[in-house]
Structures are given as C-alpha cells and as structure tokens.
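S.K.: My questions will all concern the structure given below.
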Amino acid sequence: MVVLRIILVILATISSGFLCWYIVKVIGLWLRKRKLSTFNIDKQSLFAWFMRNGIGVFKKPCNFVIKKISFLDNFFENIVLLLKERNLVANKQSVSSTLLGLLIVVALLFSLVFGSPIAGLTVVLLLIVCLFTTITALMNKRSEELRNSVPDALRSMGTCFGAGYTLLQTFEQVANESNGRIKSLFNKSTHVLQIGGSINESLECLKKAAEAPELAFVAVALDVQHQTGGSMKPVIDSAKDMVESKLELLRLLNVQTSQAKLSARIVTILPFALIAIFSIISPNFLTPFFSSFVGICVFALASVMQIAGVILVRKMLKVEL
-4 MVVLRIILVI
6 LATISSGFLC
16 WYIVKVIGLW
26 LRKRKLSTFN
36 IDKQSLFAWF
46 MRNGIGVFKK
56 PCNFVIKKIS
66 FLDNFFENIV
76 LLLKERNLVA
86 NKQSVSSTLL
96 GLLIVVALLF
106 SLVFGSPIAG
116 LTVVLLLIVC
126 LFTTITALMN
136 KRSEELRNSV
146 PDALRSMGTC
156 FGAGYTLLQT
166 FEQVANESNG
176 RIKSLFNKST
186 HVLQIGGSIN
196 ESLECLKKAA
206 EAPELAFVAV
216 ALDVQHQTGG
226 SMKPVIDSAK
236 DMVESKLELL
246 RLLNVQTSQA
256 KLSARIVTIL
266 PFALIAIFSI
276 ISPNFLTPFF
286 SSFVGICVFA
296 LASVMQIAGV
306 ILVRKMLKVE
316 L
C-alpha cells in the first residue's frame, strides 16, 4: 500500500509538471498568434525562464533572508555561478524564489497525498540536504579542476618567459594551451592588456581566483617583477614545484579521509531519509513529539544535536592547503 502511494506521488508530480508546461506553452502560442507576445517556451527554456525571472511573490522575502544570513548568500551565489557557467542567466533572488516555490509545492503535494504535514516537511528537509550536498560537491570539483590545471599553466609560463615572450604573449600562449576555468582567467587577463589596460589591472583577474591562491601569488610576483625588473622564470619554476607538492599532499589527504567523508554524508542524509520514510509509512510517527512541551523540547534538542554533529564533522574533515 505504501509503495503504491509513493508511485502515485511520483506519477502525480511528473504529470502535474508536464501539465503546467503544456498550459504555459499553449498560452504562449495563443499570444504569439495574436501578436501580443513573442514569448516562446519549451522544457529547457522553462527552466531557464524561472532561473532568470524567479517567482515574483517570493522574491522580496527571499532577498531579505539572504541578506540577513551570510551562509545562504554564499550558497545561492554558488548556484548562480554554476548556472552562469552553463550559459544560464540567473541571480540569487530568482533562484531562491524558484527553489522556495518548488519546495512549497513538494511539501503540499506530499502532505495531501499522505495526509501528514510532517511527511511533507521531512521530504522538503531531505531535498534541501541533498541539494546542499550536491552544490558543495560541484563547487569542490570546480575548485579541484582549477587547482589541478595550475601546474601546467605555470610550466607554460616558465617556458614563455625563458623564450623572451612579453607578458601579453605569455598570457595568450597559456590561454591557447589551457582548458576550462583557467583558460577563461588568462583570456580575461589577455583581453585587459589588448584593450589598453594596465598590467596591474590584468593581474587582478588572476588575483581574484580565490580557489587557486597560487595564481594570486604568481600575479603578485609578476607585478613586483614588472616594477623592479629581473627574471621571472626562477620564480615561476619555484611556484610550480610548490603547487605540485601541495596538490600531491592534498590528494593523499583526500584518499585518507575519503571513507570518513562518505560516512559523514551518510550520517547527514540518513536521519532525514528515515524520518521521511517513517512519516510516509506512519503519518502519526512524530505526533508524540508535538503533543506536549517536553516532546517539543526533546525534538528540538535532537535536531540541534544533529545539526551540530554535522557541522562539527564537516569542520574536522575540511582540508585546506
């Protein structure tokens, strides 16, 4: 019976999503035929439209909360950054308002189907935890890719400086030989020099790469060398050796802590998943906690301990080099 209800929820969610998309598309076609609008929509542009515009009624409260809580501000800033790298226009207000609307719909849907608001709330909490874990993993992967590409870029820079290239020629060569984010960083620095910007303005593009502090170190060294003179090749070679040593140490630490990180993810997600499952199977599963003041205190204490444990484990496993 429970499995059937879960299947019905999934089917209802998918069908309602397709129904909403179809209604919006029909309205868009009708407006375009009447030449009242050029708005066109499909499944992909529907997602892009929400990421760009959001849900108006939720924008102001989301904006207020984001400004007050720096953690949420950084979280949605990371989401916007990931979306922009995939050529999607987005901002923190539109993303947060769309996410809030989606979570409200999910909470109402599960609450109505299973007859328990707790079931809807726990499913929403589980989705939030999974989303946070996914965004964190994507940002870590993004930073790791950038740092892994730094030694090759420094090797190429050292070769160029040894051959007598100018700074502009060096940046152009590194950009041509690189891929991913480091290519875009050197392209920006090259563009600044090409349009007549100063060397200091060009190096600022490298200094802003917070995920790769080694590039900021090299940018400072290049700035000093430009003002005082001297050969840059020994500095670049030393920086390359230092970066390679740090990356090797970081890989070793990641291998040593991988099992603990997996355990931390399971411990983070499992309680929310179990509460969601038990609330679906038994809608009154958490009712005793809310039937008395003592029950509410015990539930609040357990929630605080769970959150504190997750934060503590994450800080213990966080490796910074």
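Residue numbering for the sequence shown follows my numbering, beginning at -4 and increasing consecutively.
Where is the CB? At the ideal position from N, CA and C, for every residue including glycine.
What you are looking at is a predicted structure, and each value in this text was computed from that prediction instead of being measured.
For glycine 304, does the three-state DSSP call read helix, strand or coil?
M.R.: Here residue 304 is taken as the residue at index 309 of the sequence shown, counted from 1. Here glycine 304 sits in helix by DSSP.
S.K.: Please say whether arginine 47 and valine 100 have beta carbons closer to each other than 9 Å?
M.R.: As a working mapping, residue 100 is identified with position 105 in the sequence shown. As a working mapping, residue 47 is identified with position 52 in the sequence shown. For valine 100 and arginine 47, no; Cβs fall outside 9 Å.
S.K.: How about leucine 149 and histidine 221: do their beta carbons lie closer than 9 Å?
M.R.: For the purposes of this step, residue 149 is taken as the residue at position 154 of the sequence shown. For the purposes of this step, residue 221 is taken as the residue at position 226 of the sequence shown. No, Cβ-Cβ distance for leucine 149 and histidine 221 is not below 9 Å.
S.K.: Enumerate in chain order the residues of its own chain whose CB-to-CB distance from isoleucine 50 is below 7 Å, with the five nearest sequence positions on each side excluded.
M.R.: The sequence position of residue 50 within the sequence shown is 55, counting from 1. Once the five neighbours on either side are set aside, the close Cβ partners of isoleucine 50 are Ser92, Thr93, Gly96.
S.K.: For isoleucine 320 and glutamine 301, I'd like the C-alpha separation in whole angstroms.
M.R.: This structure cannot speak to residue 320, because the chain is shown only from -4 to 316.
S.K.: Between the stretch 257 to 265 and the stretch 106 to 118, do three or more beta carbon pairs fall short of 8 Å?
M.R.: No, they do not touch.
S.K.: Taking the C-alpha atoms as reference points, what is the distance between leucine 245 and asparagine 171?
M.R.: By 1-based counting over the sequence shown, the position of residue 245 is 250. By 1-based counting over the sequence shown, the position of residue 171 is 176. Going by the C-alpha atoms only, they are around 28 Å apart.
S.K.: For my contact list, leucine 98 and valine 124 are in at a C-beta cut-off of 8 Å; report their separation, rounded to the angstrom.
M.R.: Translated into positions along the sequence shown, residue 98 becomes position 103. Translated into positions along the sequence shown, residue 124 becomes position 129. Actually they do not touch by this definition, with Cβ atoms about 12 Å apart.
S.K.: Apart from the five residues just before and just after leucine 180, which ones in its own chain have a Cβ nearer than 8 Å to its Cβ?
M.R.: Position 185 of the sequence shown, counted from the first residue, corresponds to residue 180. Around leucine 180: Cys200, Leu201, Ala204, Leu210.
S.K.: In chain order, what residues of the same chain have a beta carbon less than 8 Å from the beta carbon of phenylalanine 59, not counting five sequence neighbours either side?
M.R.: Stepping through the sequence shown from its first residue, residue 59 is reached at position 64. There are no such residues.
S.K.: Could you tell me whether the stretch 265 to 274 touches the stretch 185 to 199, using the rule of 3 or more Cβ pairs below 8 Å?
M.R.: They do not touch, by the three-pair rule.
S.K.: Taking 8 Å as the threshold, find out whether the stretch 71 to 82 comes into contact with the stretch 123 to 138 through three or more Cβ pairs.
M.R.: Flag = yes, the stretch 71 to 82 and the stretch 123 to 138 touch.
S.K.: Would you mind working out which of Gly290, Ala234, Asn279, Leu281 sits nearest aspartate 147, comparing C-alpha positions?
M.R.: Counting from 1 along the sequence shown, the entry for residue 147 is found at position 152. Nearest C-alpha to aspartate 147: Ala234.
S.K.: Any idea what DSSP makes of lysine 203, helix, strand or coil?
M.R.: If you number the sequence shown from 1, residue 203 lands on position 208. Lysine 203: coil per DSSP, three-state reduction.
S.K.: Going by other Cβ atoms of all chains shown within 10 Å of its Cβ, with 16 needed for buried, is arginine 81 buried or exposed?
M.R.: Along the sequence shown, one-based indexing puts residue 81 at 86. Exposed: under 16 other Cβ atoms inside 10 Å.
S.K.: Since arginine 176 and leucine 242 should fall inside the 8 Å C-beta cutoff, what is the C-beta to C-beta distance between them, to a whole number of angstroms?
M.R.: Here the question's residue 176 lines up with position 181 in the sequence shown. Here the question's residue 242 lines up with position 247 in the sequence shown. About 16 Å separates the two Cβ atoms, so there is no contact after all.
S.K.: Please name the residue in Thr165, Asp68, Gln168 whose C-alpha comes closest to that of phenylalanine 127.
M.R.: If you number the sequence shown from 1, residue 127 lands on position 132. Answer by Cα proximity: Asp68.
S.K.: Please report how far the alpha carbon of serine 268 lies from the alpha carbon of alanine 297, in whole angstroms.
M.R.: Here residue 268 corresponds to residue number 273 of the sequence shown, with the count starting at 1. Here residue 297 corresponds to residue number 302 of the sequence shown, with the count starting at 1. In the sequence on display, residue 268 carries alanine and not serine. Roughly 15 Å between the two C-alpha positions.
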